[in-house]
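These notes are about the structure you will find just below.
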Amino acid sequence: MRAILRALLRSSPVIRPGPNHSPGRPVATGEDTIAITLQFSSADLRRCRFAVSPAFETLAAIRVATGEQGPGHHQRWLDSVRPRLSALDLRPVTLLQPRRGYTPDFLSPPPTSPHIRFDEDLARIAATPPAQVGAEIVRSLGETPGASDSETGRLLLGDPASVLELLTQLIREAWQTLVEPVWPRVRALLDADVAFQSRRLADGGLDRLFAELHPMLRWHDNTLTREFGDDDRRDLHGEGLVLLPSAFKWDEVVIVLDPPWQPTVVYPVRGLGTLWQPARGTGDAALARLIGRTRAALLTGLTEPASTSALAHRHALAGGTVSEHLSVLRDAGFVVGERHRHEIRYRRTALGGAVAEQGRGDG
Numbered sequence: 026m027r028a029i030l031r032a033l034l035r036s037s038p039v040i041r042p043g044p045n046h047s048p049g050r051p052v053a054t055g056e057d058t059i060a061i062t063l064q065f066s067s068a069d070l071r072r073c074r075f076a077v078s079p080a081f082e083t084l085a086a087i088r089v090a091t092g093e094q095g096p097g098h099h100q101r102w103l104d105s106v107r108p109r110l111s112a113l114d115l116r117p118v119t120l121l122q123p124r125r126g127y128t129p130d131f132l133s134p135p136p137t138s139p140h141i142r143f144d145e146d147l148a149r150i151a152a153t154p155p156a157q158v159g160a161e162i163v164r165s166l167g168e169t170p171g172a173s174d175s176e177t178g179r180l181l182l183g184d185p186a187s188v189l190e191l192l193t194q195l196i197r198e199a200w201q202t203l204v205e206p207v208w209p210r211v212r213a214l215l216d217a218d219v220a221f222q223s224r225r226l227a228d229g230g231l232d233r234l235f236a237e238l239h240p241m242l243r244w245h246d247n248t249l250t251r252e253f254g255d256d257d258r259r260d261l262h263g264e265g266l267v268l269l270p271s272a273f274k275w276d277e278v279v280i281v282l283d284p285p286w287q288p289t290v291v292y293p294v295r296g297l298g299t300l301w302q303p304a305r306g307t308g309d310a311a312l313a314r315l316i317g318r319t320r321a322a323l324l325t326g327l328t329e330p331a332s333t334s335a336l337a338h339r340h341a342l343a344g345g346t347v348s349e350h351l352s353v354l355r356d357a358g359f360v361v362g363e364r365h366r367h368e369i370r371y372r373r374t375a376l377g378g379a380v381a382e383q384g385r386g387d388g
């Protein structure tokens, strides 16, 4: 693969951004502090559906494995795949995934159903017209200062057909190395989320569904709001909404609004904190025997401050159950609650951190 990279860099012509360079698809995230408000009509209420995207999960897994951010609840997974990461040169993909900005649409085709397979996603990626590949890469690189002039950037601005072949191969290798070995476990969690949320939708409509879909989302008077920041309102006009649970996009809610995607809410899957449960006999399992499985999971999973509602979503627990366990952990001196805006967020104390890390170290 490195030989292919070098050959493409030597021989490919270069496409430069033109005067109609676009900033790309607007994507709202918690980091951007932009509150997106989606207004539903009666037609939109009938066009809400769930989907799963193996390609999206693969791109998100690449970001977790190679990004500057901590892996959060995926530390065990990252520890398991790190020995194999050195065999992958994912720089062409990571350069097209800026922390803020536009990622080419063709790298992650809009999901069509909850039952899509990775091979189907990859076939759609490989079938992208070269003109679209070139245009979207120009748009993406243009949002990162200096990206177009870097060695990897010049490679990506080469012959679109060759670049598409390279990117398709890299995504396949990333899937095979990072995601496919754990896909049955990840897929089971995604399917469980879709089944759970679908039951809530059937039981009480969108009022019931959005009430607890994710702590960052609010539903009132046929309006869905992703909280924080200035207002940005969008009437869906009958387009409906796709709800996409994600395991590897674990840290925030993302809203995609522009074509080719149907308006989509990507949200962290319910129960993420249970995804990488320790095997029996590990340090975490010993901690679970000492203070209880649920309290151990809450303590070891509290890698960053989180509210009761966020922890309930993450561990697939009722809010009252989480509050009860946090009270015990707080009384033991393992966690402390601190006010953040309108909510209380819990973090580990030095003692709680030492207990959690000692449990990991004993595995």
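Per this note's numbering, the very first residue in the sequence shown carries number 26; after that it's consecutive.
Even for Gly, the Cβ is constructed at its ideal location relative to N, Cα and C.
None of these values were measured; they are calculated from a predicted model.
Member of the options whose CA lies at the smallest distance from the CA of residue i
i    : options                : result
P79  : I162, L113, S133       : S133
V211 : V360, V77, D283        : V77
M241 : Y292, L84, F65         : Y292
R318 : H350, R339, V290       : H350
D218 : A379, S165, L234       : L234
F75  : R370, Q287, A341       : Q287
Q64  : E168, Y371, W244       : W244
D184 : L203, P136, A160, E205 : A160
R390 : V204, A220, A337, L312 : The chain is shown only over 26 to 388; residue 390 falls outside these bounds and no answer can be derived.
L282 : P206, Y127, L215       : Y127
H262 : S66, R149, A381, V290  : S66
A310 : E277, P285, V278, A381 : A381
L180 : A236, L115, R197       : L115
F131 : V278, P285, W208, L312 : P285
Buried versus exposed, by CB contacts within 10 Å (16 or more), residue i
i    : result
L315 : exposed
E56  : Only weak support exists for where E56 lies, its pLDDT of 44 falling under 50; the value from the coordinates is given anyway. Its Cβ having fewer than 16 others within 10 Å, E56 is exposed.
Q383 : exposed
G229 : exposed
P155 : exposed
D69  : buried
D146 : buried
S173 : buried
V52  : At V52 the pLDDT is 46, less than 50, meaning the model places this residue with poor confidence; the figure from the coordinates comes in the next sentence. Buried, since its Cβ has 16 or more Cβ neighbours within 10 Å.
G178 : buried
R125 : exposed
A25  : Only positions 26 to 388 of the chain appear in this structure, which leaves residue 25 out of reach.
S271 : buried
A335 : buried
A86  : buried
H340 : buried
H338 : buried
H239 : buried
CB contact flag (residue i, residue j, <8 Å)
i    : j    : result
G344 : C73  : no
H98  : G298 : yes
W102 : W301 : yes
A199 : L113 : yes
L189 : T153 : yes
P123 : L195 : no
G358 : T333 : no
R88  : T202 : no
T91  : I150 : no
I280 : V267 : no
Backbone CA spacing between residue i and residue j [nearest angstrom]
i    : j    : result
Q390 : Q100 : It is not possible to answer for residue 390, since the shown part of the chain is limited to 26 through 388.
L249 : Q222 : 16 Å
E368 : P129 : 36 Å
L324 : E252 : 26 Å
P330 : L354 : 14 Å
T54  : D232 : Low confidence applies here, because T54 scores a pLDDT of 45, under 50, leaving its location unreliable and the question unanswered by this model.
L376 : L327 : 13 Å
F81  : S138 : 13 Å
R258 : D246 : 14 Å
V106 : T346 : 33 Å
Y371 : V361 : 6 Å
A321 : Q157 : 49 Å
L191 : S165 : 17 Å
P136 : D356 : 46 Å
I162 : S175 : 14 Å
S348 : H365 : 17 Å
L226 : L182 : 45 Å
S47  : D260 : Note that S47 has pLDDT 32, beneath the 50 cutoff, so the model's placement of it is unreliable and the number below is only indicative. S47 and D260: Cα-Cα distance of roughly 23 Å.
D144 : S352 : 47 Å
V294 : L214 : 7 Å
F273 : T83  : 8 Å
R50  : T62  : Confidence is the limiting factor: at R50 the pLDDT is only 42, short of 50, which leaves the residue's position unreliable, though a coordinate-based value still follows. Answer to the nearest angstrom: the Cα atoms are 17 Å apart.
P96  : A186 : 33 Å
R224 : G171 : 48 Å
E363 : R197 : 44 Å
T169 : W208 : 32 Å
Check: residue i C-beta below 7 Å from any heavy atom of the ligand GDP
i    : result
R233 : The ligand GDP is absent from the structure shown, which contains no ligand whatsoever.
What are the complete beta strand (DSSP E) segments, minimum 3 residues, inside the segment 294-348?
-> none
What residue ranges within the segment 242-293 form continuous beta strand (DSSP E) runs of no fewer than 3 residues, ordered along the chain?
-> 242-245, 248-251, 255-260, 266-271, 279-281, 289-293
For the segment 174-251, which segments carrying the beta strand (DSSP E) assignment without a break, of at least 3 residues, lie completely within its bounds, in sequence order?
-> 242-245, 248-251
In chain order, which continuous runs of the beta strand (DSSP E) of length 3 or greater are located wholly inside the segment 106-175?
-> none
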